[in-house]
Amino acid sequence: MTTAPSDSTGEFEFSESQNQVIGSLAGKMALVGFVMTFFGLLQMFNGLMSLFLTRNPDRVISAAQKAGVTDENLSALKEALSGGFWSSPVTVSAIAFALAGLLLFLVGLWTRQAAFGFAGIVVTKGKDISRLMDALGSLHRKYSLIYNVVLVAAVISLVSLVLSLWQYWRSA
């Protein structure tokens with residue numbers, strides 16, 4: 394950063410070469426954010442459609458029969474679907490798919506917001522620091538969400554491991 398304050402705002406301006414780097418970063422982040430947002434929406438739509446289209450177990454079994462599923466796999470499918478809608482692995486999978494799509498959508502959205510903040514640094518004069526802070530705020534939200542998801546996944550994995558080991562040692 395240059396040390397010359399701009400106008401009377403007291404903020405600092407990045408140099409032209411620094412603006413080129415920031416602008417390039419902003420363009421790449423905007424594209425990545427768009428793709429993530431797009432695929433997040435598709436994944437949410439796919440998960441929700443799977444959830445609603447598989448609410449009828451007879452429809453799922455009929456589709457499996459038409460697809461040529463073996464009798465052994467068909468009976469396993471019938472058993473899995475017999476526990477009710479909310480305990481069905483198809484339902485759980487569809488919900489997980491929709492939630493993963495939501496996560497991808499949010500990360501993409503915040504990546505785009507950060508990209509627009511970085512792009513604002515390049516096109517405005519006298520507001521580089523405030524634009525930088527806006528972009529960093531979007532990145533902070535993005536990585537806070539990822540941090541919390543990783544933390545929850547680690548706790549769930551640890552609990553699952555402990556329960557599996559306990560079940561194994563108990564049955565041995």
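Heads up: the sequence shown is residues 394 to 565, going by the numbering used here.
Glycine included, every Cβ here is placed at the ideal spot set by N, Cα and C.
This structure is a prediction, so every number in the text was calculated from the model and none was measured.
- With the rule of 3 Cβ pairs closer than 8 angstroms, the stretch 424 to 441 counts as touching the stretch 496 to 512.
- Counting C-beta pairs closer than 8 angstroms gives three or more between the stretch 442 to 456 and the stretch 478 to 498, which meets the contact rule.
- Cα atoms of L467 and S550: separation of roughly 30 angstroms, rounded to the nearest angstrom.
- If you compare the alpha carbons of D521, V555, T430, T463 with that of L496, the shortest gap goes to T430.
- When D521, L441, E472, M442 are compared, the shortest CA-CA separation from N412 is found for D521.
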